[in-house]
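In our numbering, the protein residues as written are 4 to 165.
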């Protein structure tokens, strides 16, 4: 059985990834006593939460315009629960894994980690394109990748200022 995601489902996946990112950066902020690093993590969490809201609005507009929603297929768990795919992405790390900050990093390392995570998200989305149902779904993924590339540019600029 082939799993293909529509625009609605792709946006759901992207929203969950952003939600996971916001939670990650909030938890990361708690690890640091340094005010600048904690503030940076809070800003990254806010950025992720804002992007999550934008994706949710985009998904709502898509549904209103097309009448298309997510798919329910009792024989295909992943298709019926696209948020499961988000669990495979960049912020799906478990506590204690090597991908988690330990609270000893400096501000440059936080920015480098954020850049790495955005690059991993792009890699994930490129793979997700293989599961896109139609050209509109692929176009949606391309827009998300473009936004992630923009995030990398902004984060890189911030890193260079440190």
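For every residue, glycine included, the Cβ atom is placed at its ideal position computed from N, Cα and C.
Query	Result
Best match in 77, 69, 47, 150 for proximity to residue 116 [C-alpha to C-alpha]	47
As assigned by DSSP and simplified to three states, the class of residue 92	coil
CB contact flag (residue 8, residue 77, <8 Å)	no
Spatial neighbours of residue 61 in its chain, beta-carbon cut-off 7 Å, leaving aside the 5 residues before and after	14
DSSP three-state assignment for residue 35, whether helix, strand or coil	coil
Reduced DSSP secondary structure (H/G/I, E/B, other) of residue 72	coil
Nearest neighbour of residue 106, chosen from 43, 34, 16, 54 [CA to CA]	34
Closest by C-alpha distance to residue 88, when choosing among 144, 43, 131	131
Buried or exposed (CB count within 10 angstroms, at least 16 for buried), residue 72	exposed
Residue 100 versus residue 27: straight-line alpha-carbon distance, rounded	Because the pLDDT of residue 100 is 43, which lies under 50, any placement of that residue in the model is unreliable, and the question is left without a value.
Cα-Cα separation, residue 152 to residue 54	14 Å
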